[in-house]
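Protein chains in written order, with our numbering: chain D, 95 to 435; chain Z, 963 to 1191. Where is the CB? At the ideal position from N, CA and C, for every residue including glycine.
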Amino acid sequence: MSMDFSTPPYLLKNASVTRVMTQVLLALVPAIAVYTWLIGPAILIQIAIASLAALLGEALMLKVRRQPLAPFLGDGSAIVTAWLIALVFPPLAPWWMVVVGTLFAIVVAKQLYGGLGQNPFNPAMVAFAVCIVSFPALMSQWPNQALHLGFADQFQIIFGLTPRLDALTAATPLDALKTGLKLGEGQVGVAALLANQDVYGQFAGRGWEWITLCYLLGGLWLWQRKIITWQVPTAYIGALAAISGALWLYDPAQFASPLFHLFSGGAMLGAFFIATDPVSGSTTPRGKLIFGAGAGLLTYLIRVFGGYPDGVAFAILLMNICTPLIDLYTQPPIFGMKNGK
Amino acid sequence: MITWAEFKEIFVNGTWRQNSSLVQMLGMCPLLAMTTSLVNGAMLSLATIIVMGSSGFVVALLRNFIPYEIRIPVFILIAAVMVTVVDLGMNAYMHDMYNILGIFIPLIITNCLVLARIETFAVKNGPLQAMFDGAFMGLGMLWTLSLLGAIREFIGTGTVLSGIEAVIPGLHQIEVLPADYPGFLVSILPPGAFIVLACMVAAKNWYEVKAAERAKRQPPAPISAAGCH
């Protein structure tokens, strides 16, 4: 997939799929390192399971579709999908759920639509949506931060060798806040709930806030490397900050601050790594702004007023549906022509 | 009367070549809502067979007396009578099943397949041909919806024939997968119907292409799939 044709501009950069995907994976490494350090090595097991499942699924479908194996398996796109799936799934999710999600993403969401570059929906987000709809209980069990489980314990839980005890898991910081506010019926404020040091840290979920910060740093590096453009993340973060800020100013006791929302759940991962997907997202500059803003707005509405613990996956899938329409109405004018004339 | 060749032609058309779900893509709404299990899909199709067979027969009998300008309301009226008969009959004799299928029994009248077959076939053919056409169209729907329901039920809950006791007392569902199968809920939800149906359409097209290749003939021209509901 190298672009070596001789048309202007003659300043070429080596923009092969493999190169882009490798840099995306590199940008995720700091976050994974912090994840391993703060939450436990379970994420490494999940990444291994998901990568294996993704490569197997990809190889199987390529064989069925009579496509060459080596170039498509080696381009790293399946690995990126697998890593994103591992990062958005609960780290102690049973192994079969990760396999089911990954296979669904690769076989149905990617290959059945025509493979790399043809999928209308982001495969990792399809995996998340399918699993949270099918296995809502298991997808809501996040590790209890008060317990520090070692590699052996986490390995046994993932592979079902020890029973899944309720005490091992807890709700996500976002879910805990939503449930707390609902149970408090207007009497319990956000500040009182955020004071719980078992769940919350300096400015967002305990532990998770630093992982999210690493997503932000990795994303900024991707932007600096020109792998992604500024429009989608800026619009996403701007829209999420604007709506959460407006409601926070309206009633700080019932709505968490923009800082909390930006560094909770999958907001940063979504803004820099998922909404920027060049295949399923908008491609025009103005379209990217609309796409990002829409996804940010929907993320907030779903995570605060909806029934699911986080809204990133559904927000991005819903905006994926709108992508063809957005692109149609935001086509830049041809050079030298007036817009629309 | 009807010849054997005509009968065969109507049978192949209804159950395979112009299959209502796989080729014509008609009646998507009951398909989505009612194929959550084999029994539900099969029972709704059986009701549709009765409605389509009888209304095709009656319309074909009266085809020379129905004024062209108001034919559609008359067709709908005749079909609605048959739907009411099936609706009341199921309510009386299969009450449990009636409760499960609920609004989808009266809604058979809104299935475009019913009106489509009357308008394109029953008004131009004899009563026997029209009756068989309606019944075999329904038969095509029966096997498609039963298969679709069975696949969705198996993936979604690990059982087959759940709810059979409402139709044939004494029979029980078969637990194919062990009891700790967690279930794959998305298969029971409407997206699952679309995904499984798409796989079935693909399988049919793949088979047809292979068959055409084997016969060394040109593959049949694709029949336009009109969507509705």
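Nearest-angstrom Cα separation, counted from residue 205 of chain D out to residue 156 of chain D: The count along the first sequence starts at 1 and reaches residue 156 of chain D at position 62. The count along the first sequence starts at 1 and reaches residue 205 of chain D at position 111. Roughly 8 angstroms between the two C-alpha positions.
Identity of the residues DSSP links to residue 264 of chain D by a beta bridge: For the purposes of this step, residue 264 of chain D is identified with residue 170 of the first sequence, where counting begins at 1. Per DSSP, D/236.
Buried/exposed call for residue 429 of chain D, threshold 16 Cβ in 10 Å: The count along the first sequence starts at 1 and reaches residue 429 of chain D at position 335. It is exposed - the Cβ of residue 429 of chain D has fewer than 16 other Cβ atoms within 10 Å.
Residues of the stretch 225-240 of chain D with Cβ closer than 7 angstroms to any Cβ of chain C, in chain order: In the structure shown, chain C does not exist; the protein chains are D and Z.
Test item: CB-CB of residue 1129 of chain Z and residue 1056 of chain Z under 8 angstroms: In the second sequence, residue 1129 of chain Z corresponds to position 167, counting from 1. In the second sequence, residue 1056 of chain Z corresponds to position 94, counting from 1. Yes, they are a contact pair.
Neighbour-count burial assignment, residue 922 of chain Z, 16 or more Cβ in a 10 Å radius: The structure shown does not extend to residue 922 of chain Z, since chain Z is modelled only from 963 to 1191, so the question has no answer here.
Short Cβ contact (8 angstroms threshold) for residue 216 of chain D with residue 374 of chain D: As a first step, residue 216 of chain D is located in the first sequence; it is residue number 122 there, counting from the start. As a first step, residue 374 of chain D is located in the first sequence; it is residue number 280 there, counting from the start. Against a cut-off of 8 angstroms, the Cβ pair of residue 374 of chain D and residue 216 of chain D comes out as a contact.
Which listed residue (D/389, D/379, D/181, D/235) has its alpha carbon closest to that of residue 334 of chain D: Numbered from its first residue, the first sequence carries residue 334 of chain D at position 240. Of D/389, D/379, D/181, D/235, the residue nearest in Cα terms is D/389.
Other residues of its chain near residue 1206 of chain Z: CB distance less than 7 angstroms, five sequence neighbours each side excluded: Nothing can be reported for residue 1206 of chain Z, as the shown portion of chain Z is limited to 963 through 1191.
Whole alpha helix (DSSP H) elements within the stretch 160-206 of chain D, 4-residue minimum: 163-168, 171-182, 189-197
Simplified DSSP assignment, three categories, for residue 294 of chain D: The residue labelled residue 294 of chain D in the question sits at position 200 within the first sequence. Residue 294 of chain D falls in the strand class under three-state DSSP.
Selection of the stretch 201-217 of chain D by Cβ proximity to chain Z, strictly under 7 angstroms: 202: these are the residues of the stretch 201-217 of chain D whose beta carbon lies less than 7 angstroms from some beta carbon of chain Z, given in chain order.
In DSSP terms, what residue 1136 of chain Z is bridged to: The residue you call residue 1136 of chain Z lines up with position 174 of the second sequence. Its beta-bridge partners are Z/1122.
Near-chain D residues of the stretch 1135-1164 of chain Z (beta-carbon distance less than 7 angstroms), N- to C-terminal order: Listed by position along the chain: 1144, 1146, 1147, 1148, 1151, 1157.
Contacting residues, own chain, Cβ-Cβ under 7 angstroms from residue 112 of chain D (five flanking each side not counted): Working through the first sequence from its first residue, we reach residue 112 of chain D at position 18. For residue 112 of chain D, where only same-chain residues beyond five positions count, the Cβ hits under 7 angstroms are 168, 169, 170.
Whole-Å CB distance - residue 174 of chain D paired with residue 143 of chain D, under 8 angstroms assumed: Working through the first sequence from its first residue, we reach residue 174 of chain D at position 80. Working through the first sequence from its first residue, we reach residue 143 of chain D at position 49. Not quite, the Cβ-Cβ distance comes to about 16 angstroms (not below 8 angstroms), so this is no contact.
Buried/exposed call for residue 1044 of chain Z, threshold 16 Cβ in 10 Å: If you number the second sequence from 1, residue 1044 of chain Z lands on position 82. Buried, by the Cβ-count rule.
Distance between residue 218 of chain D and residue 296 of chain D (C-alpha atoms, nearest Å): Here residue 296 of chain D corresponds to residue number 202 of the first sequence, with the count starting at 1. Here residue 218 of chain D corresponds to residue number 124 of the first sequence, with the count starting at 1. So the alpha carbons of these two residues sit roughly 29 angstroms apart.
Check whether residue 410 of chain D and residue 359 of chain D have beta carbons under 8 angstroms apart: Position 316 of the first sequence, counted from the first residue, corresponds to residue 410 of chain D. Position 265 of the first sequence, counted from the first residue, corresponds to residue 359 of chain D. Against a cut-off of 8 angstroms, the Cβ pair of residue 359 of chain D and residue 410 of chain D comes out as no contact.
Stretch pair the stretch 1014-1028 of chain Z + the stretch 1107-1118 of chain Z: three plus CB contacts closer than 8 angstroms: In this structure the stretch 1014-1028 of chain Z does not touch the stretch 1107-1118 of chain Z; the number of beta carbon pairs closer than 8 angstroms is below three.
Segment limits, alpha helix (DSSP H) that includes residue 152 of chain D: Here residue 152 of chain D refers to the residue found at position 58 when the first sequence is read from its first residue. Where residue 152 of chain D is concerned, the enclosing alpha helix (DSSP H) stretches over 136-158.
Which residues DSSP lists as bridging residue 299 of chain D, in chain order: Residue 299 of chain D sits at position 205 when you count from the first residue of the first sequence. BP columns for residue 299 of chain D point to D/294.
8 angstroms Cβ cutoff, residue 1178 of chain Z in contact with chain D: The residue given as residue 1178 of chain Z occupies position 216 in the second sequence. Residue 1178 of chain Z does not count as touching chain D.
Burial state of residue 1005 of chain Z, where buried means 16 or more other Cβ atoms lie within 10 Å: Counting from 1 along the second sequence, the entry for residue 1005 of chain Z is found at position 43. Here residue 1005 of chain Z is buried. Its C-beta has 16 or more other C-beta atoms within 10 Å.
Three-state secondary structure (DSSP) of residue 328 of chain D: Position 234 of the first sequence, counting from 1, holds the residue named residue 328 of chain D. Residue 328 of chain D falls in the helix class under three-state DSSP.
Three-pair Cβ contact test at 8 angstroms for the stretch 243-253 of chain D versus the stretch 138-153 of chain D: yes
At least 3 beta-carbon pairs within less than 8 angstroms: the stretch 281-297 of chain D vs the stretch 412-422 of chain D: No, because fewer than three Cβ pairs between the stretch 281-297 of chain D and the stretch 412-422 of chain D fall closer than 8 angstroms, the two stretches do not touch.
Neighbourhood of residue 979 of chain Z by C-beta distance below 6 angstroms, restricted to the same chain and skipping five residues each side: Numbered from 1 along the second sequence, position 17 holds the residue referred to as residue 979 of chain Z. If we look at residue 979 of chain Z and ignore the five residues flanking it on each side, it has no Cβ neighbours.
Buried or exposed by the 16-neighbour rule on C-beta atoms within 10 Å, applied to residue 245 of chain D: For the purposes of this step, residue 245 of chain D is taken as residue 151 along the first sequence, with counting starting at 1. Exposed.
Test item: CB-CB of residue 1111 of chain Z and residue 1145 of chain Z under 8 angstroms: Translated into positions along the second sequence, residue 1111 of chain Z becomes position 149. Translated into positions along the second sequence, residue 1145 of chain Z becomes position 183. Contact flag unset, no.
C-alpha distance - residue 149 of chain D paired with residue 368 of chain D, whole-angstrom precision: Within the first sequence, numbered from 1, the residue matching residue 149 of chain D stands at position 55. Within the first sequence, numbered from 1, the residue matching residue 368 of chain D stands at position 274. In a straight line, the C-alpha of residue 149 of chain D is about 20 angstroms away from that of residue 368 of chain D.
Rounded straight-line distance, which links the Cα of residue 355 of chain D to that of residue 274 of chain D: Stepping through the first sequence from its first residue, residue 274 of chain D is reached at position 180. Stepping through the first sequence from its first residue, residue 355 of chain D is reached at position 261. When rounded, the distance between both Cα atoms is 16 angstroms.
Exposed unless 16 or more other CB atoms sit within 10 angstroms - verdict on residue 256 of chain D: Taking the first sequence and counting its residues from 1, one reaches residue 256 of chain D at position 162. That one is exposed.
Contact between the stretch 1010-1019 of chain Z and the stretch 1097-1104 of chain Z (3+ Cβ pairs under 8 angstroms): yes
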